[in-house]
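Accompanying notes for the structure given below.
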Amino acid sequence: MNPEILAPVGSVEALQAAFAAGADAVYFGLPQFGARAFANRFTLEQTKEIIEQAHTYGMKIYITMNTILYENEIEDAYEAARALFYMNVDALIIQDLGLIHLLHERLPELELHASTQLSVSTPAQIEQLRKLGVSRVVLARECTLEQIRACAATGMEIEVFVHGALCISYSGQCQFSNVMYNRSGNRGMCAQPCRMPYILKEDGRNVNKLPAYLLSPKDLSLIRKVSDLKDAGVASLKIEGRMKSAEYVYAAVTAVKKELEEKDLTKEDEEHLLVTFNRQFTTGHTYKQKGKDLMDPAAANHHGLTIGKVVAVKGKRITIQLDHDLSQNDGIRFEKGRVSEGCHVNYMYDARNRLISLGKAGEVVSVDGPYNVQIGSVVKKTVDSKYRKEVSDHIKNDRRYVDITGKAVCRGVKEPLYLSVSDGKHEVVVKTPIVAEQAQKQATDPDVLGKQLNKTGSSWARFTHIDYDLAPDIYFPIKVMNDLRKEALEALRRERLSFRVFPEKSYTYMPQVDPSPVVLAQIETQDQKGDENVLWISENVPGTLKKGRIDTEKADVLTHLGEGKIILNMNVVNSYAVAALLSLGYEKIGISEEANLDQVEMLVRAFRARYHQPAPVIVCVYQKKRLMLMNHCPVNTLLKDEKRSGCRLCHEHVYELEGTDGTSVLCLGDSACRMRLFDSKTSDRLEWVRILKKTGINGFLCVFVNEKKEEIDRVLKALCF
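Heads up, the sequence shown is in the working numbering, so the first residue is 937 and it goes up one at a time.
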């Protein structure tokens, strides 16, 4: 059985394109709670109509609710999810562990998918999510093919991205946009600092002379590898792009579908993928790509399709030698060195200066464009008006049908005609309001009846086979036969849309929590460790509690789901998320650094009111905030062999990334050679401690990166109980 093809939808046109191209399912967001705050999204009323239409034609609908939710938002999110449940939504894609926990307890029949924002990459993490009621996991894009196979072997449904943009940071673990621009990626408002240019500095010296896109990955495309993913046990092939065009959606779904059906992609298919959107393509972490195989330091925007070269410029008149066709209303870009200018082809002229609407490959044409275009510039097509028209025609004309079977039975004269219809899962039986008459001329035999039953025309279904058990010499009017067909199809359609009726449950039990105080001090080097009565934690410093990495399955202090007692970095911002992690056996829960003081206090009060005991949470009150965690090293890429093979340069020198807007971040690898980016400024929230202690919080965390012993001593003295 082939994996599902899952398409992104950010507009009505994109929805129609996914439908026409043959996607098995689509995903989109509501006006709230989605990780694409700037995408066009659908209201609940529109969503209800979309679900009914999709289910009629056998397509599934998944709604994204993949942001973190604060205490004052989670009940509203629950009500939206509840409404979707009773609309027959097929699943919700969720990041917030609190919402997952709440929905599974109250609406256990609702299918829950764990978002890629949860950065899942190991079987242990999957098993913990299974306990919370998750039935499918969208794996982290950092997973290799071997990791994907191991996760699929757990029996959990696995969803994998196969085409579209890559985040260079582990999804859900990026604070760059939030810290620097007050736009949280975990709230759907990412400012995309990864697509900005930077200078790498080594001990204050510029490594690259001109700013480059050192954090901007190429776009992922595993379309040619879908057979590998199918063999690995992947259940769903996901296309990224809820903010992309209808043409992009149609091109990507078409290409994935052809690969699954083992049909060769044509040259046109490949070009459609390029022209609809690309930053160049990579097979990404799935196939262990690194350095320039993964990244594109030269540009972070749409590359388009190369179609020719500028051979002459006179004012605004630009002459192009074409390698591909160019049409009026196409979008093009001229690139040479660091100069990139774009324009819309409003007017185009042939070699004799006559207006034309189409320039063919091999011809020389002229267009009016920007003034500063240079001879020798590469010309790229970024919008293909002809393909846009083709997709629009497909949307209007291509029909989608559900295959059904039927059986027609009439035992004789004065008996009704029965018609049973089945889609393989649902079956209905209808009968004529009148009985058969004795045939005088033309009897209603299988040929006559079949001709009428197969007139499904513009309906949603078509018969693949009909069995007949008809007595001889019976007669029914043609109108009666047609009405019977219509009644059967409508009855089957209603059956396919049957709405759920399940009782909601209530659950507020919580086992006794550990009330003991704890102060954690995270360090990078041995000389930072002191004698203070705190729990020293580190990934690699001897004599400290072992702090796990994002893929560590067992540690004293975890940073992802696994076996341990203390867990951090899970983006916890509401009391239900605390309860979810306690239900999995964790004893101390780290609160997200995104939560402000009021939000932390609200969480603690809600937990105490519901469970009648203090919330066993840990609040970070001192740190250089980690902005990114990534499987890419800009230091090694620029200075070594691009293979990130443990060069340890980041531990021998001080490396910083300096943005053109003045931002400055520290680069430091972890014990697994993953690169971490830290804010160069310190977030000091020690003034919170007195207030938090009054609310009952007695767990605190300090993260020391490059602080000296004296500063560490000062901070910890403010925390000791």
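Quick reminder that beta carbons are idealized off the backbone N, C-alpha and C, glycines included.
According to DSSP, residues forming a beta bridge with residue i
i: R1141; result: E1138
i: F1270; result: E1277, V1315
i: R1612; result: L1565, L1604
i: L1593; result: L1136, V1601
i: E985; result: Beta-bridge pairing links E985 to no other residue.
i: S1302; result: T1255, Y1285
i: M1001; result: I1030
i: G1295; result: L1262
i: C1638; result: A1457, Y1558
i: I1502; result: V1493, K1524
Straight-line gap, residue i to residue j (C-alpha atoms, nearest Å)
i: A1516; j: L1039; result: 11 Å
i: V1073; j: D1487; result: 15 Å
i: L1065; j: K1367; result: 48 Å
i: E1007; j: L1035; result: 11 Å
i: V1364; j: P1352; result: 16 Å
i: G1386; j: G958; result: 28 Å
i: Q1549; j: Q1448; result: 8 Å
i: Y1223; j: V1162; result: 12 Å
i: S1528; j: Q1458; result: 16 Å
i: A1513; j: D1450; result: 17 Å
i: C1656; j: L1471; result: 11 Å
i: P1059; j: I1010; result: 28 Å
i: V1677; j: A1016; result: The question about residue 1677 has no answer, for the chain in this structure spans 937 to 1657.
i: V1281; j: A950; result: 24 Å
i: A961; j: M937; result: 16 Å
i: F978; j: P967; result: 6 Å
i: L1602; j: V1641; result: 10 Å
i: V1384; j: H991; result: 31 Å
i: F964; j: K1644; result: 48 Å
i: L1433; j: G1298; result: 54 Å
i: Q1310; j: S1474; result: 55 Å
i: E981; j: T1461; result: 56 Å
i: Y1285; j: R1324; result: 22 Å
i: V1553; j: G1526; result: 6 Å
i: R1429; j: E988; result: 9 Å
i: L1497; j: Q1061; result: 5 Å
i: Q1374; j: R1398; result: 30 Å
i: Y1411; j: V1371; result: 9 Å
Proximal residues to residue i (C-beta, below 6 Å), its chain only, five neighbours per side dropped
i: I1502; result: V1493, K1524
i: K1482; result: A1491, D1492
i: V1143; result: L1136, L1574
i: S1293; result: Q1264
i: F1614; result: K1560, R1562, L1602, V1641
i: G1069; result: H1040, L1048
Same chain only: Cβ atoms within 8 Å of residue i, ignoring 5 sequence neighbours per side
i: T1255; result: V1246, V1247, A1248, V1249, V1300, V1301, S1302
i: T1218; result: L1102, P1153, K1154, D1155, L1156, S1157, Q1225, D1229, L1230
i: Q1535; result: Y1006, E1007, V1509
i: I1627; result: L1533, E1537
Spatial neighbours of residue i in its chain, beta-carbon cut-off 7 Å, leaving aside the 5 residues before and after
i: V1590; result: D1139
i: G1312; result: K1245, V1246, K1272
i: K1322; result: S1263
i: A1127; result: S1113, Y1117, R1119
i: G1595; result: M1132, Y1134
i: A1427; result: V1364, V1366
i: I1159; result: V1098, H1099, A1191, V1192, E1195
i: K1252; result: D1304, G1305, Y1307
heavy atom of the ligand SAM below 7 Å from residue i C-beta
i: E1468; result: Among the components modelled here there is no ligand, and therefore nothing to report on the ligand SAM.
Validate contact between the stretch 1627 to 1643 and the stretch 1550 to 1558 using beta carbons, cut 8 Å, 3 pairs: The stretch 1627 to 1643 is in contact with the stretch 1550 to 1558.
contact_flag[the stretch 1561 to 1573, the stretch 1534 to 1552] where n(CB pairs < 8 Å) is 3 or more: Note that the stretch 1561 to 1573 does not touch the stretch 1534 to 1552; fewer than 3 beta-carbon pairs, one per stretch, sit closer than 8 Å.
Please give me, in chain order, every unbroken run of the beta strand (DSSP E) with length at least 3 that falls completely inside the stretch 1372 to 1432. As far as the stretch 1372 to 1432 is concerned, its whole beta strand (DSSP E) runs of at least 3 residues are 1397 to 1406.
Note down, one range per segment and in chain order, each alpha helix (DSSP H) of at least 4 residues found wholly within the stretch 1518 to 1578. Whole alpha helix (DSSP H) segments, 4+ residues: 1533 to 1547, 1570 to 1575.
Starting from the N-terminal side, write out each stretch of the beta strand (DSSP E) that is 3 residues or longer and does not extend beyond the stretch 1211 to 1270. Complete beta strand (DSSP E) runs here, min 3: 1241 to 1250, 1253 to 1258.
Are the stretch 1387 to 1404 and the stretch 1417 to 1426 touching, with three or more C-beta to C-beta distances below 8 Å? Yes: at least three Cβ pairs fall under 8 Å.
The stretch 1127 to 1137 touching the stretch 1145 to 1165, judged by at least three CB pairs closer than 8 Å: Enough Cβ pairs lie closer than 8 Å, so yes.
Just to confirm the assignment: which complete beta strand (DSSP E) runs, minimum length 3, are found wholly within the stretch 1446 to 1488? Taking only runs of at least 3 residues, the beta strand (DSSP E) segments lying wholly in the stretch 1446 to 1488 are 1454 to 1458, 1471 to 1474.
Could you tell me whether the stretch 990 to 1002 touches the stretch 1017 to 1029, where touching means 3 or more Cβ pairs closer than 8 Å? Touching, yes.
Whether or not the stretch 1180 to 1192 and the stretch 1332 to 1345 are in contact is what I'm after, with contact meaning three or more pairs of Cβ atoms, one per stretch, closer than 8 Å; do they touch? With fewer than three CB-CB distances shorter than 8 Å, the stretch 1332 to 1345 does not count as touching the stretch 1180 to 1192.
Every unbroken beta strand (DSSP E) within the stretch 1331 to 1374, with a cutoff of 3 residues, ordered by chain: Whole beta strand (DSSP E) segments, 3+ residues: 1338 to 1346, 1352 to 1358, 1363 to 1371.
Residue ranges of each alpha helix (DSSP H) run of no fewer than 4 residues wholly in the stretch 1037 to 1123, ordered along the chain? Taking only runs of at least 4 residues, the alpha helix (DSSP H) segments lying wholly in the stretch 1037 to 1123 are 1059 to 1067, 1081 to 1088, 1112 to 1117.
For a minimum of 3 consecutive residues, which ranges assigned as the beta strand (DSSP E) are wholly contained in the stretch 1146 to 1216? Taken in chain order, the unbroken stretches of beta strand (DSSP E) that lie wholly in the stretch 1146 to 1216 and span 3 residues or more are 1155 to 1157, 1172 to 1175.
Within 8 Å, do at least three Cβ pairs link the stretch 1087 to 1106 to the stretch 1165 to 1179? Taking 8 Å as the limit for Cβ pairs, the verdict is that the stretch 1087 to 1106 does touch the stretch 1165 to 1179.
Counting beta carbon pairs with one atom in the stretch 940 to 949 and one in the stretch 1304 to 1318, are three or more of them shorter than 8 Å? No, because fewer than three Cβ pairs between the stretch 1304 to 1318 and the stretch 940 to 949 fall closer than 8 Å, the two stretches do not touch.
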